[in-house]
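Peer 1:
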Amino acid sequence: MPARVLILGGTAEGRELATLAQAAGFGIVTSFAGQTPDPRRPPGEVRVGGFGGADGLQEYLRNQNFSALVDATHPYAVQISAQAAKACEGLGLARMMLLRPPWQAERGDRWIEVADDAEAAATLPGLAKRVLLTVGRRALAAYADCHGITFFVRLVNPPELMPLAGELILARGPFSVDDERALLAEHDIDGLVSRQSGGEATYGKITAARERGIPVVLIRRPKAPPGQSVHSVAAALDWLKLAAV
């Protein structure tokens, strides 16, 4: 019977790892939080929804006889990452975090790094008037009191309630640099707000902003829980071949 591996997914890296690990003979289950309707499904089994906290996740891991867990969630998914760390520690189960390398500033970047969405919102007045907002629907309320700014809010799915004035842009990445250049030009964007997500899928907007000379308000990553981590799918697969036995 193949070793069973739980991948906490929702990222391109998680899908790629599921594909390669399934081909390598592992029994893969990918878990999605359920926040995005109709997510791109990877090979193997898929489950959707929460676990009921760290205790619920620990019980699920035990009952389903998993050999290892890979946390391939978004860098800002702090709650499930903390729960995974606690659950695996309680079981003595092998756990690896697949963390995208953060973006590195290059010459010409006009980054303003902030701690959270509240600080980002406070930074915008006087900095920009037509802002591309790429922070996810849960964070939108933090920008509701930014007066005198027209927001262009890019989301995968529409929010139930739009808490700020602006234009909604529904699109699913990855986005090419050409796509982002065209978007910034079409809407005459003079400012960008983004999370420090890392990876290639959404880096095009950073390149396009640099070329356009516009400021980027970049929200720093939260601290990851303690534990082993790798920065590539290949390294995560190598780890699985040693740990998931």
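Read in order, the letters of the sequence shown correspond to residues 108 to 352 in my numbering. Just so you know, even glycine gets a beta-carbon here, dropped at the ideal spot from N, CA and C.
As an exercise, report each continuous beta strand (DSSP E) stretch of at least 3 residues that is fully enclosed by the region 269–295, in chain order.
Peer 2: Listed in chain order, the complete beta strand (DSSP E) runs (minimum 3 residues) inside the region 269–295 are 273–277.
Peer 1: Which whole runs of the alpha helix (DSSP H) in the region 116–168 are 4 residues long or more, in chain order?
Peer 2: Those alpha helix (DSSP H) runs which fall completely within the region 116–168 and span 4+ residues are 119–130.
Peer 1: Please say whether Y250 and L275 have beta carbons closer to each other than 9 Å?
Peer 2: Taking the sequence shown and counting its residues from 1, one reaches residue 275 at position 168. Taking the sequence shown and counting its residues from 1, one reaches residue 250 at position 143. Contact: no.
Peer 1: Report yes or no: do the region 212–226 and the region 261–268 share at least 3 C-beta pairs separated by less than 8 Å?
Peer 2: No contact exists between the region 212–226 and the region 261–268.
Peer 1: Report buried or exposed for M203, applying the criterion of at least 16 other Cβ atoms within 10 angstroms of its Cβ.
Peer 2: Within the sequence shown, residue 203 is the residue found at index 96, counting from 1. Buried, because 16 or more other Cβ atoms sit within 10 Å of the Cβ of M203.
Peer 1: Quickly, what does DSSP pair V260 with across the bridge? List them, please.
Peer 2: Taking the first residue of the sequence shown as 1, we reach residue 260 at position 153. Paired residues: L240, L275.
Peer 1: Look at the Cβ atom of L168, then the Cβ atom of L200, and state whether they are nearer than 9 Å.
Peer 2: One-based indexing of the sequence shown puts residue 168 at position 61. One-based indexing of the sequence shown puts residue 200 at position 93. Closer than 9 Å, so yes.
Peer 1: Does the Cβ-Cβ distance between L164 and A194 come in under 9 Å?
Peer 2: Your numbering for residue 164 matches position 57 in the sequence shown. Your numbering for residue 194 matches position 87 in the sequence shown. Their beta carbons are under 9 Å apart, which means L164 touches A194 by this criterion.
Peer 1: In whole angstroms, what separates the C-alpha of S339 from that of F282?
Peer 2: Sequence index remark: in the sequence shown, residue 339 carries index 232 (1-based). Sequence index remark: in the sequence shown, residue 282 carries index 175 (1-based). Distance between the alpha carbons of S339 and F282: 20 Å.
Peer 1: Would you report the Cα separation of P208 and I219, rounded to the nearest angstrom?
Peer 2: Here the question's residue 208 lines up with position 101 in the sequence shown. Here the question's residue 219 lines up with position 112 in the sequence shown. Roughly 19 Å between the two C-alpha positions.
Peer 1: I326 and V238 - do their beta-carbons sit closer together than 9 Å?
Peer 2: On the sequence shown, position 131 is the one that residue 238 refers to. On the sequence shown, position 219 is the one that residue 326 refers to. Cβ distance not < 9 Å, so V238 and I326 don't count as in contact.
Peer 1: By how many angstroms is the C-alpha of V221 removed from the C-alpha of R122?
Peer 2: In the sequence shown, the residue the question calls residue 122 occupies position 15. In the sequence shown, the residue the question calls residue 221 occupies position 114. R122 and V221: Cα-Cα distance of roughly 30 Å.
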